[in-house]
Amino acid sequence: RACLLYTQAVVERQKTTTSVVLFWIGVLVVLLLGGVVVVFWKRLPPQLPWFYSFPSGEKQLINKAWFFLIFAGMEVVLFLARIVANWAGKDDDTVRNTIMIGVFMAVVLIAASFYRVMMIFLNT
Numbered sequence: 049r050a051c052l053l054y055t056q057a058v059v060e061r062q063k064t065t066t067s068v069v070l071f072w073i074g075v076l077v078v079l080l081l082g083g084v085v086v087v088f089w090k091r092l093p094p095q096l097p098w099f100y101s102f103p104s105g106e107k108q109l110i111n112k113a114w115f116f117l118i119f120a121g122m123e124v125v126l127f128l129a130r131i132v133a134n135w136a137g138k139d140d141d142t143v144r145n146t147i148m149i150g151v152f153m154a155v156v157l158i159a160a161s162f163y164r165v166m167m168i169f170l171n172t
């Protein structure tokens, strides 16, 4: 009987949950975005529009190297969210999944903005 309980505990620990899948997809999306910047680095202008909430002009522009800081920050946020999700949702998968879905949606929104900026300059 102890062997059966041990086997069940090992299987539950190895079970891939939705929050784990969302975390790893988010990590891969951010790495993919960084890869796009690396591949097209020479084709991109020195400054790119990013802050669309400002009126048109130089206030909207960021240096293209800032994308690496943005992506690094997104990776840190993903890892912190994973820690918080595990802490807050110790016994509740719904809490863990909700936290990771929120952070994953933030990654998707950043990726959509990045795609929009890249299409302006790479679609020519």
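In terms of the working numbering, the sequence shown opens at residue 49 and continues consecutively. All residues carry an ideal CB built from backbone N, CA and C; glycine is no exception.
In summary, G74 is buried, with 16 or more beta-carbon neighbours lying within 10 Å of its beta-carbon over all protein chains present.
Burial is judged here by how many other beta carbons sit within 10 angstroms of a residue's own beta carbon; V124 has fewer than 16 and is exposed.
G137 sits close to S67, with the two beta carbons spaced by under 9 Å. The Cβ-Cβ distance between F71 and M148 falls below 9 Å.
Assignment of L128 by DSSP, reduced to helix, strand and coil, places it in the helix class. For the 9 Å CB-CB criterion, L76 and V85 do not form a contact.
At a Cβ-Cβ threshold of 9 Å, F119 and L157 do not count as neighbours. Of the residues S161, R130, L117, the one whose Cα lies closest to the Cα of T146 is R130. Within the stretch 63 to 103, complete beta strand (DSSP E) segments of at least 3 residues are found at 95 to 97, given in chain order. CA-to-CA, the gap between M153 and Q95 works out to about 26 Å. Per DSSP, the beta-bridge partners of N111 are Q95.
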